[in-house]
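Undergrad: Numbers 57 to 400, taken from this note's numbering, label the letters of the sequence shown in order.
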Amino acid sequence: MSSQKLMLEVLKGKVGPRPPIWMMRQAGRHLPEYMEVRDTTPDFVSFCYDSAKAAEVTLQPIRRYGFDASIVFADILLIPDALGQNVAFDKGVGPVLEAITDRAGIDRLSLDGALEHLSPVCETLRLLKAGLPPETTLIGFAGAPWTVATYMVAGRGTPAQTPARIMAYAQETDFAALIDLLTEATADYLIAQAEAGAEVLQLFDTWAGSLSISEFRKWCIVPTRRIVEKVRSVAGDVPIIGFPKGVGIVLPEFIAETGVDGISVDTNMDMVWARDNLSDKAVVQGNLDPVLLVAGGDALERATLDLLDIFRERPFIFNLGHGITPETPIDNVKRVVELVQTWR
Ligand code: CP3
57 MSSQKLMLEV LKGKVGPRPP IWMMRQAGRH LPEYMEVRDT TPDFVSFCYD SAKAAEVTLQ
117 PIRRYGFDAS IVFADILLIP DALGQNVAFD KGVGPVLEAI TDRAGIDRLS LDGALEHLSP
177 VCETLRLLKA GLPPETTLIG FAGAPWTVAT YMVAGRGTPA QTPARIMAYA QETDFAALID
237 LLTEATADYL IAQAEAGAEV LQLFDTWAGS LSISEFRKWC IVPTRRIVEK VRSVAGDVPI
297 IGFPKGVGIV LPEFIAETGV DGISVDTNMD MVWARDNLSD KAVVQGNLDP VLLVAGGDAL
357 ERATLDLLDI FRERPFIFNL GHGITPETPI DNVKRVVELV QTWR
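#1: Should L167 go down as buried or exposed, given a rule of 16 or more other Cβ atoms within 10 Å for buried?
#2: Roughly how many angstroms lie between the CA atoms of G69 and V256, to the nearest whole one?
#3: Measuring straight from C-alpha to C-alpha, what distance separates E369 and P295?
#4: Which full runs of the beta strand (DSSP E) of 3+ residues lie inside the stretch 287-345, going along the chain?
#5: Using three-state DSSP, classify Q258 as helix, strand or coil.
#6: Count the other C-beta atoms from every protein chain shown that fall within 10 angstroms of the C-beta of E394, then say buried if there are 16 or more, exposed otherwise.
#7: Looking only at its chain, what residues have a beta carbon closer than 7 Å to the beta carbon of N333, apart from the 5 residues adjacent to it on each side?
#8: Is it the case that the Cβ atoms of A359 and L348 are separated by a distance below 8 Å?
#9: How would you label I132, buried or exposed, when you count the other beta carbons within 10 angstroms and need 16 or more for buried?
#10: Taking buried to mean at least 16 other C-beta atoms within 10 Å of its own C-beta, is S126 buried or exposed?
#11: Which residues does DSSP pair with D146 in a beta bridge?
#12: Out of T229, G187, A264, point me to the one whose CA is closest to G304's CA.
#13: Report the option in C276, G353, G302, D326 whose CA atom is closest to the CA atom of V316.
#14: Under a three-way DSSP split, which group does T96 fall into?
#15: Return the CA-CA distance between D106 and P176, expressed in angstroms with no decimal places.
#16: Keeping to the same chain, check which residues put their C-beta closer than 8 Å to that of L64; ignore five residues upstream and five downstream.
#17: Along the chain, where does the beta strand (DSSP E) containing F374 start, and where does it finish?
#18: Between which residues of its own chain and T239 is the CB-CB distance below 7 Å, once the five residues before and five after are set aside?
#19: List the DSSP bridge partners of I127.
#20: If you run the structure through DSSP and keep just helix, strand and coil, what is I380?
#21: For S320 and I135, what's the separation of their Cα atoms in angstroms?
#22: Answer yes or no: the CB of P73 versus the heavy atoms of ligand 1, is any distance below 7 Å?
#23: Which one or two residues does DSSP pair with I77 in a beta bridge?
#24: Tell me whether L133 counts as near ligand 3, meaning its Cβ is closer than 7 Å to at least one heavy atom of that ligand.
#25: Would you kindly work out how many angstroms separate the C-alpha atoms of G292 and D354, rounded to a whole number?
#26: In the DSSP assignment, find the alpha helix (DSSP H) that holds T229 and state where it starts and stops.
#27: Examine ligand 1 and report whether any of its heavy atoms sits within less than 7 Å of the Cβ of G377.
#28: My understanding is that I311 touches A330, with C-beta atoms under 8 Å, so please give their C-beta distance in whole angstroms.
#29: Please find out if some non-hydrogen atom of ligand 1 comes closer than 7 Å to the beta-carbon of M327.
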């Protein structure tokens, strides 16, 4: 493989000597060095906007584990913050926003100045571009409109995303206006990230699986397609990975309709099925169980080797099915990285 960047080669559809590996939420609370920097800025949103600190915590898992890709440290809820809906993270509660329940709440949001508000994230990317090892791919990201809207409408995380689902049914025109605004903001934000040095973009649609199929088409597939089209028309062919979590067999349709280059799959996915039904359409990424990464032992090693074996002949990005949890032992992460990077 001529290029030093394994992840970019694989996203072109090539099968390299081994799959690249990175992990969602690889920066964060499972690392003591993260907690040390994190404690210097108690307010999480301010922490995300502190480019020097954000770049530092992004680099921590690269130094410790040697992942093949680095995801910029930020959060999907910076977009509502930039649109004028203040976001706070309360200890033990999670994200807290002023819930948007009607048209007036949507009309108070504004694209004006949103990109400027998010410019510290682009500055973080520029710092990373200069600070990462040459073989490490730099990933930018955003939340997909549906998932971000679930927090904006409920004003917090909700177990089944019911407030946003109700609004989507009962106030469809208003909800569509919110999704349209998010679609524009997200596309512009991703374009700015690509211009600042992001080599791959990932769209997190964590709560896609809570929608009925017709709602999924409306609120996930259509906005994602529009984002992909707009990003491509401005930023060129920067690879885009979709992560509509929990949608199972609708993934072939999602890939065909949105045009994503990569598809991140969750832990519920049967990876033999994914190989046989998805990997000719998009590069599959996933899907080790984050809980297995906590448990460790033989089961973890077996699952890691199984994944490598299933995708032996196909382009594949080794990842988790969802983010690393804070209780994850560092040695288990190290073991998985070692198994993947010394494979074949
Ligand atoms: O390393 C990385 O993956 C990059 C950074 C990243 C964070 N959040 C940092 C973070 C990414 C990609 C995200 C995405 C994100 N944020 C998602 C989509 C992916 C997923 O995990 O489902 C969602 C739904 C959010 C919203 C969000 N941010 C929640 C629900 C929380 C948890 C609140 C809590 O206190 O547990 C966050 C906070 C957050 N984002 C943390 C980190 C490292 C932990 C906060 C801390 O350090 O105090």
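We put the CB at the ideal spot given by N, CA and C, even for glycine.
TA: Taking the geometry as given:
#1: exposed
#2: 14 Å
#3: 21 Å
#4: 296-300, 318-320, 339-344
#5: strand
#6: exposed
#7: P308
#8: yes
#9: buried
#10: buried
#11: G150
#12: A264
#13: C276
#14: coil
#15: 7 Å
#16: T193, E255, V256, P295
#17: 372-376
#18: P201, P279, R282, I283
#19: I195
#20: coil
#21: 22 Å
#22: no
#23: F374
#24: The ligand content of the structure shown is limited to ligand 1, which means ligand 3 is not among them.
#25: 44 Å
#26: 228-251
#27: no
#28: That pair is no contact at about 11 Å.
#29: no
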